[in-house]
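The listed protein sequences correspond, in order, to chains A and B. Residue numbers for the first sequence follow the numbering used here, beginning at 1 and rising by one. Residue numbers for the second sequence follow the numbering used here, beginning at 1001 and rising by one. Even for Gly, the Cβ is constructed at its ideal location relative to N, Cα and C. Here's the structure, in structure tokens; my notes come after.
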Amino acid sequence: MTERVITLKSFFEEARAGRLTGIRCGKCGELAIPPKEFCPACQQRAWGPVPLKGEGTISSFTIIRVAPRGHAGEAPYAVAVVKLAEGVSLLGRVVDMPLEALTVGLPVKFRPLVKGEQTVVGFGPA
Amino acid sequence: MRRVAVIGVGLTRFGKHERNSVELFAEAARDAITDAEISPSAIQALYYGNVTGGEGERQLHTSPLAASLLGLTNIPTTRFENACATSHVAFRHAVMEVAAGISDVVLVGGGERVLHIPTDHATEYFGFCSDASYEQPVGLTFPGVFALIARAHMEKYGTTEEQMAHVAVKNHRHGVHNPKAQFRKEITLETVLRSAYVADPLKLFDCCPFTDGGAAVVLASEEVARRHKRSIWVLGSAAASDTMFMHEKRDLSRITATERAALGAYRQAGKGPQDVDVVELHDCFTIAEIVATEGLGFFEPGMGGIAAEKGWTSVGGKIPVNPSGGLKSKGHPIGATGAAQICEIVTQLRGEAGPRQVEGARVGLTHTLGGNTATVLVSLFGRD
Ligand SMILES: [Zn+2]
């Protein structure tokens, strides 16, 4: 196998540098967020990396007001499922937008949120 | 495969306890064994469910510990963990062991204790049931998961916060009659609607509480069960899973694992939603009950909110849901919840539920959901 495998580690390393990477099935064209061994649509194993633009719209969101330990100082904060232009979705923290302005269908754009060693998927104004 | 029956059930009081989760299970198991009128030595296997013992109690290897506290030795023991569906998963495996003829009598259940730790710690531990790379770092909580589902359901079907509030009011009204319930107090729509947002659009009173408690069930083969007058048959028990990732759910307004598990259980039982007289389902949040009543086939997609508002899911309504008070009022000790729901349905089908009895109930259903809607179990029960 000479294919380039996108691991969780490499997905978030790329994301840290501002690049979102999906994987596309070379057999049926299914697009997915890595990592994944077999294609859920055709069961083949022919993934290739594909850059994602990071542009999308909010398909659902919530404002977390009671946060778990580790995020306590951050509440209230918004979390959204964003449907990307390429068709896959991604969960992320919504930043740089007033919480009361959030609506389903609102356009947003990916931005990495870097917290020490950790990279978190974020979305800001389109 | 052999027919399998429940011959004994046991439940601790739900609420705050000083004893640890294995002790709570052992108390429930003692009562289930007594209820089954068997000798403890008749038990040939133990299936135990617990979720947060490792984090909250610094205790792993809990299934032989449970057997040790019960004074049972030399039987195989197994611990299960599938988030909030844990002991219903354990139950299905126990059913398969008896159905396959490996054992004639099996003890199954769960225990959980979380009220001794701070709420933000408990919220974090429960959060471990979502993905550690894509979800936990974003700060997604379980109220948050169901808030995303609620928002999608509201957008698609026009479901309202008031309709969700009706679920909480109804389950608290039911729970008043359950001596084991954590909150035996009626609440009003205003109380729910005026409570603070936890994860918009879900408010404090849309959420079930943190709970300590234990639940246990004794399963037996048909030959053993025939010697017991109060046996209740397991008509079907099915499991389904869905992707763990919120970003992979195709339609956030639906819980497809519920639909698939229900289909499996109905098929095994040769029954459909129209045959069910009483239901205990997973109302961890009010929206979860609304979506579940749709996924289990009681109402068309989008009608769950209206059904709650019109009282169709009350005891005395079209399809009584959560006569025990549900997770909302009875409480939700996550490792014990699936078994506790089964205890209630067995009690209902025996006709022993007292003031919360659903009159003439012959077929009952339990539904338990785990984590990011990624594990769902549905079981059907019937009396002779
Ligand atoms: Zn494919």
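Residue i - DSSP class collapsed to helix/strand/coil
i        : result
A1257(B) : helix
T21(A)   : strand
F1025(B) : helix
N1082(B) : strand
Y77(A)   : strand
V1291(B) : helix
V50(A)   : strand
A948(B)  : Examination of residue 948(B) is not possible in this model, given that chain B is present from 1001 through 1384 alone.
D1277(B) : coil
E1097(B) : helix
P1076(B) : coil
Q1044(B) : coil
C1208(B) : coil
A1165(B) : helix
I1102(B) : coil
V1358(B) : coil
L106(A)  : coil
L995(B)  : Because chain B spans 1001 through 1384 in this model, residue 995(B) falls outside it and cannot be assessed.
H1017(B) : coil
G1335(B) : coil
G1111(B) : strand
Outcome for residue i when other beta-carbon atoms lying within 10 angstroms are tallied against a minimum of 16
i        : result
A41(A)   : exposed
R1250(B) : exposed
M1001(B) : exposed
K9(A)    : exposed
C28(A)   : exposed
H1367(B) : buried
P1179(B) : exposed
R1058(B) : exposed
S1087(B) : buried
L1380(B) : buried
A1196(B) : exposed
H1061(B) : exposed
L99(A)   : exposed
D1200(B) : buried
D1242(B) : buried
E1112(B) : buried
G1109(B) : buried
Q1274(B) : exposed
L1073(B) : Position check: residue 1073(B) holds Thr in this sequence, whereas Leu was assumed. Exposed: under 16 other Cβ atoms inside 10 Å.
K1203(B) : buried
T7(A)    : exposed
E1344(B) : buried
T2(A)    : Because T2(A) carries a pLDDT of 43, less than 50, the predicted location of this residue cannot be relied on, and the following value inherits that uncertainty. Under this definition T2(A) is an exposed residue.
Euclidean distance between Cα positions of residue i and residue j
i        : j        : result
D1104(B) : A1094(B) : 10 angstroms
S988(B)  : G1008(B) : Because chain B spans 1001 through 1384 in this model, residue 988(B) falls outside it and cannot be assessed.
R1019(B) : R1030(B) : 15 angstroms
L1070(B) : A1036(B) : 15 angstroms
E1027(B) : I1033(B) : 10 angstroms
Y1125(B) : T1052(B) : 7 angstroms
D1384(B) : E1023(B) : 34 angstroms
D1146(B) : E1223(B) : For the sequence presented, residue 1146(B) should be read as Phe rather than Asp. So the two alpha carbons sit approximately 43 angstroms from each other.
T1141(B) : T1375(B) : 17 angstroms
Q1341(B) : K1156(B) : 30 angstroms
T1066(B) : R1013(B) : According to the sequence displayed, residue 1066(B) carries Ala and not Thr. Spanning the two alpha carbons is a distance of roughly 18 angstroms.
G105(A)  : G22(A)   : 22 angstroms
Spatial neighbours of residue i in its chain, beta-carbon cut-off 6 angstroms, leaving aside the 5 residues before and after
i        : result
G1370(B) : N1082, A1083, C1084, A1085
P1320(B) : V1278, V1358
A1238(B) : A1261, G1264, A1265, V1378
W1233(B) : A1005, G1382
G1144(B) : A1199
V1192(B) : A1165, A1168, F1205
Beta-carbon proximity list for residue i, same chain, < 8 angstroms, skipping 5 on both sides
i        : result
T1188(B) : V1169
R65(A)   : A75, P76
G1272(B) : Y1266, G1297
L102(A)  : I58, F61, I63, A78, A80, V94
Close beta carbons around residue i, own chain, < 7 angstroms, minus the five adjacent residues each side
i        : result
G1015(B) : Q1182, T1211, D1212, G1331
E1097(B) : A1045, S1103, V1106
P35(A)   : I6, T7, L8
I1117(B) : G1056
T1393(B) : Nothing in the structure corresponds to residue 1393(B), since chain B is present only between 1001 and 1384.
If you pair each beta-carbon of the stretch 1350-1364 of chain B with each one of the stretch 1281-1301 of chain B, do three or more pairs fall below 8 angstroms? The answer is no - the stretch 1281-1301 of chain B does not touch the stretch 1350-1364 of chain B, with fewer than three Cβ pairs under 8 angstroms.
The stretch 1280-1299 of chain B touching the stretch 1195-1208 of chain B, judged by at least three CB pairs closer than 8 angstroms: Taking 8 angstroms as the limit for Cβ pairs, the verdict is that the stretch 1195-1208 of chain B does touch the stretch 1280-1299 of chain B.
For the structure I just gave you, are there three or more beta carbon pairs, one from the stretch 1158-1165 of chain B and one from the stretch 1304-1311 of chain B, closer than 8 angstroms? Judged by Cβ distances under 8 angstroms, the stretch 1158-1165 of chain B makes contact with the stretch 1304-1311 of chain B, as three or more pairs qualify.
At least 3 beta-carbon pairs within less than 8 angstroms: the stretch 1323-1340 of chain B vs the stretch 1168-1178 of chain B: At 8 angstroms Cβ cutoff, the stretches touch.
Are the stretch 67-81 of chain A and the stretch 1136-1145 of chain B in contact at 8 angstroms, needing three or more beta carbon pairs? The stretch 67-81 of chain A, when compared against the stretch 1136-1145 of chain B, does touch it at the 8 angstroms Cβ threshold.
Counting Cβ pairs closer than 8 angstroms, one from the stretch 91-98 of chain A and one from the stretch 112-125 of chain A, do we hit at least three? Three or more beta-carbon pairs separated by less than 8 angstroms link the stretch 91-98 of chain A to the stretch 112-125 of chain A, which places the two stretches in contact.
May I ask you to verify whether the stretch 1214-1222 of chain B touches the stretch 1349-1357 of chain B, counting CB pairs closer than 8 angstroms and requiring at least 3? With the cut-off at 8 angstroms, the stretch 1214-1222 of chain B and the stretch 1349-1357 of chain B do not touch.
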